[in-house]
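Engineer: Got a structure for you, questions after.
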Amino acid sequence: MNESGPGEGGAAGPRRKDARRNQQALLDAAAAVFVASGVEAPVRDIAAEAGVGMGTIYRHFPTRADLVIAVYRHQVDACAEAGPALLAAGPTPHAALGKWADLFVDFLVTKHGLAAAMQSDNTGFEALHAYFLDRLLPVCAQLLDAAVAAGEIRPGLDAYPLMRGIGNLCIGSEGDPRYDPRPLVALLVAGLRQAD
């Protein structure tokens, strides 16, 4: 006999997992809409992309800033989790670093408009930037260290300037359809290789 009542133990776990999965899907949909239309995109577009009602979005994220922050954190987490997964999948640490740099570019392009959406909350923006650094710097450093250990890139490279350089290559890409930073980022990552 199951001693836990409704909402206790057994049934609550799967419901919580479903709720988390649904929220992740909503954040993925919001990110896709933000990439296509910017962070000022209508909530109805996000709801349509996610396949939910607008009330569902407002229930989880009462303000646009709440939604933007959640998308930002969700994408930071996805980028952070991708680093070790790419490293494990191979084929080489340098290749993993290149694939991770592509994901990092996607993240940087997606976060376009975040500052404008949060301009009245400088403290909140600073907290997000600290979260970004705390989560992503160690991942980039891990990828660099693995590539150094494999003899693929020269030692002495620091994650922060590399991430800053990639970020600088992304500046202005959202406003110019003729500019794609990815080829330049790929060139930067290729340039890290150890000379034979």
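When the letters of the sequence shown are read in order and numbered with my numbering, they come out as residues 74 to 269.
Using N, Cα and C, we set each Cβ at its ideal position, and we do this for glycine too.
1) Pull up the distance between the alpha-carbon of Arg-146 and that of Arg-266, whole angstroms please.
2) Between the alpha carbons of Val-106 and Ala-268, how many angstroms are there, rounded?
3) Where does Asn-75 land, buried or exposed, given buried means 16+ other C-beta within 10 angstroms?
4) Taking the alpha-carbon positions, what's the Val-212 to Ala-169 distance?
5) Enumerate in chain order the residues of its own chain whose CB-to-CB distance from Leu-99 is below 6 Å, with the five nearest sequence positions on each side excluded.
6) Would you decide whether Ala-97 is buried or exposed? Buried here means 16 or more other CB atoms lie within 10 Å of its CB.
7) Determine, using beta carbons only, whether Ala-220 and Thr-165 come nearer to each other than 9 Å.
8) Please classify Met-236 as buried or exposed, where buried requires at least 16 other C-beta atoms within 10 Å of its C-beta.
9) How would you write the range of the alpha helix (DSSP H) that Gly-126 sits in, first residue to last?
10) Measure from the alpha carbon of Ala-138 to the alpha carbon of each residue in Ala-259, Asp-101, Phe-198 and Gly-248, then state which is nearest.
11) With DSSP run on the structure shown, which of helix, strand or coil describes Arg-266?
12) From Arg-251 to Arg-89, what distance separates their C-alpha atoms?
13) For His-167, is the classification buried or exposed, using 16 other Cβ atoms within 10 angstroms of its Cβ as the cut-off for buried?
14) Return yes when the Cβ of Val-178 is within less than 9 Å of the Cβ of Pro-254, no when it is not.
15) Compare the C-alpha of Leu-210 against each of Leu-242, Ile-244, Gly-224 and Ala-174 and name the closest.
16) Does the distance from the CB of Leu-71 to the CB of Ile-119 come in under 9 Å?
17) Quick one: grab the DSSP three-state call for Ile-239.
18) With a threshold of 8 Å on Cβ separation, who are the neighbours of Val-302 within its own chain once the five nearest residues in sequence on each side are excluded?
19) Which whole-angstrom value is the C-beta distance of Arg-160 and Leu-230, which I expect to be below 8 Å?
Structural biologist: Result, derived from the coordinates:
1) 31 Å
2) 42 Å
3) In this prediction, Asn-75 scores a pLDDT of 44, lower than 50, which makes its location untrustworthy; the coordinate-derived value is nonetheless stated afterwards. Exposed is the call here.
4) 11 Å
5) Ala-123
6) Here residue 97 is Gln; the residue named in the question, Ala, does not match the sequence. When all chains shown are included, Gln-97 counts as exposed.
7) yes
8) buried
9) It is not in any alpha helix (DSSP H) - Gly-126 carries neither H nor E in the DSSP assignment.
10) Phe-198
11) strand
12) 44 Å
13) buried
14) yes
15) Ala-174
16) Residue 71 lies beyond the range of the chain shown here (74 to 269); nothing can be said about it.
17) helix
18) Because residue 302 is not part of the residues shown, which for the chain are 74 to 269, the question remains open.
19) According to the sequence as given, residue 160 is Leu; it is not Arg. Not confirmed; about 16 Å, so no contact.
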